[in-house]
Amino acid sequence: MANEDKQNKIIGMFDDIASTYDTANRVLSFGIDKQWRKKGCDKAYEMLGKSKISQIIDVACGTGDLLLYWKDRAAKKGIIVDKYIGIDPSVGMLDVAKHKVEFADFIEGQANDIPFGDESSDIVSISYGIRNVVDRRKGLSEFYRVLKPGGIIVILEFTKQEKSGIVSKIVDIYMKNILPAIGGLVSKNYAAYKYLPDSIEEFLTTKMLEDELMDTGFKVKYTKSFSLGISTLIVAQKPLA
Ligand SMILES: C[S@@+](CC[C@H](N)C(=O)[O-])C[C@H]1O[C@@H](n2cnc3c(N)ncnc32)[C@H](O)[C@@H]1O
Numbered sequence: 446m447a448n449e450d451k452q453n454k455i456i457g458m459f460d461d462i463a464s465t466y467d468t469a470n471r472v473l474s475f476g477i478d479k480q481w482r483k484k485g486c487d488k489a490y491e492m493l494g495k496s497k498i499s500q501i502i503d504v505a506c507g508t509g510d511l512l513l514y515w516k517d518r519a520a521k522k523g524i525i526v527d528k529y530i531g532i533d534p535s536v537g538m539l540d541v542a543k544h545k546v547e548f549a550d551f552i553e554g555q556a557n558d559i560p561f562g563d564e565s566s567d568i569v570s571i572s573y574g575i576r577n578v579v580d581r582r583k584g585l586s587e588f589y590r591v592l593k594p595g596g597i598i599v600i601l602e603f604t605k606q607e608k609s610g611i612v613s614k615i616v617d618i619y620m621k622n623i624l625p626a627i628g629g630l631v632s633k634n635y636a637a638y639k640y641l642p643d644s645i646e647e648f649l650t651t652k653m654l655e656d657e658l659m660d661t662g663f664k665v666k667y668t669k670s671f672s673l674g675i676s677t678l679i680v681a682q683k684p685l686a
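Everything in the sequence shown is counted per the working numbering, starting at 446 for the first residue and increasing by one.
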C-alpha cells in the first residue's frame, strides 16, 4: 500500500473510534496511563526550567488528554503557559477534544507538516501518536524545527518489546488477545484494536527510537519504561544553539 493510502487508512480508523476512544483507553490501561502522562509533563517542565512558557504543541493530540495534563501540571508548579495547541488529522478525534479541552486551540493537521514557524515553541509532545505517523522521519524533523533551542520533545509510546521471557509472554497475551477483544467490544471496531498490537510489532524498539531522535539532532535526556515495559517515555532536548 502506498504511504499516503496507509496514512489515510490510519486516520480514518481513528475517526471511526473517536466517540468511544476515551472509554476504551481508561478500561484498557486500567487508568495507569494517567501516571505515564503526568511523569512526561513533569519531566519536561523540570528540564525546561522556565516559569513562563510561550507555547506547547501536542501533536496527534487525539481527544486532548495530554493537554489536560500539561495545564494541570503547569498550575501545580506555578508555571504560566501562554498557548496550548493540539494538532491531529482526525476530525472525529478533534471534535471530542474541542468539547473537552476549552483552553486549547486545535488544528487539523499532521506531524509531518506542522503549521508553525521555526523555533516557535518551548515544548512539543506526542503521546501514542508517533507510531501512526507513516513519514516518521519528517515528523521528527518538524518537531525539531518548531522547537526553540533548548526546547523539549516528549514522546510517550508503546515500543516494540526487546525482551523475551515470562513477563513479555504475559504482555504479549494481553496486547494481542485481551486488548483487541475488550477494545473491539467497547468501540464495536475489532479491527482498530487489532491494529494496536500489529502496529507495535511493526514499530521501533525504544533504542531505535532514541537513535532516530539523536539522528534528528536531539539529545535524549530521559527514558523510562512503565508497566512491564508496555509504555515508554522519552524526553529529549533540542541543543542550545
Ligand atoms: C492512539 S491516538 C493518541 C491520541 C492522544 N495523543 C492520546 O494520548 O490519547 C493516535 C492519534 O494519532 C493521530 N494521527 C494519526 N496519524 C497522524 C499523523 N500523521 N500526524 C499526526 N497525528 C496522527 C490519530 O488521528 C490519533 O488521534
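Virtual Cβ for every residue (Gly too), placed ideally from N, Cα, C.
- Contact check for N634 against M492 fails: the beta carbons are separated by 9 angstroms or more.
- Secondary structure of I571 (DSSP, three-state): strand.
- K639 carries a helical assignment under DSSP once its states are collapsed to helix, strand and coil.
- Secondary structure at Q606: coil, using DSSP grouped into helix, strand and coil.
- For Y573, the shortest separation between its Cβ and any heavy atom of ligand 1 lies below 8 angstroms.
- The three-state secondary structure of E449, taken from DSSP, is helix.
- Contact between the segment 575–593 and the segment 475–489 is absent: fewer than 3 CB-CB pairs across the two stretches fall below 8 angstroms.
- Residue W515 holds the alpha-carbon nearest to the alpha-carbon of I530 among G629, W515 and V631.
- Inclusion of A542 and R581 in the CB contact set at 9 angstroms is not warranted, their separation being larger than that value.
- As far as DSSP is concerned, L513 takes part in no beta bridge.
- Using a Cβ distance threshold of 9 angstroms, S499 and K528 count as a contacting pair.
- From the listed residues G537, V591 and K583, the smallest Cα separation to G562 is found for V591.
- Annotation: the continuous alpha helix (DSSP H) that includes L658 extends over T651 to T661.
- No heavy atom of ligand 1 is found nearer than 8 angstroms to the CB of M446.
- In the three-state reduction of the DSSP assignment, G629 falls in the helix class, which pools H, G and I.
- Going by DSSP, K484 is part of the alpha helix (DSSP H) stretching over D478 to L493.
- Under the three-pair Cβ rule at 8 angstroms, the segment 595–602 counts as touching the segment 560–577.
- Within the chosen limit of 8 angstroms, ligand 1 does not reach the beta carbon of Y529 with any heavy atom.
- Not one heavy atom of ligand 1 falls within 8 angstroms of the beta-carbon of V472.
- With 16 or more other Cβ atoms from the protein chains shown falling within 10 Å of its own Cβ, N577 counts as buried.
- It is roughly 8 angstroms from the alpha-carbon of I524 to the alpha-carbon of R518.
- Taking a 10 Å sphere around the C-beta of V612, we find fewer than 16 other C-beta atoms and assign the residue as exposed.
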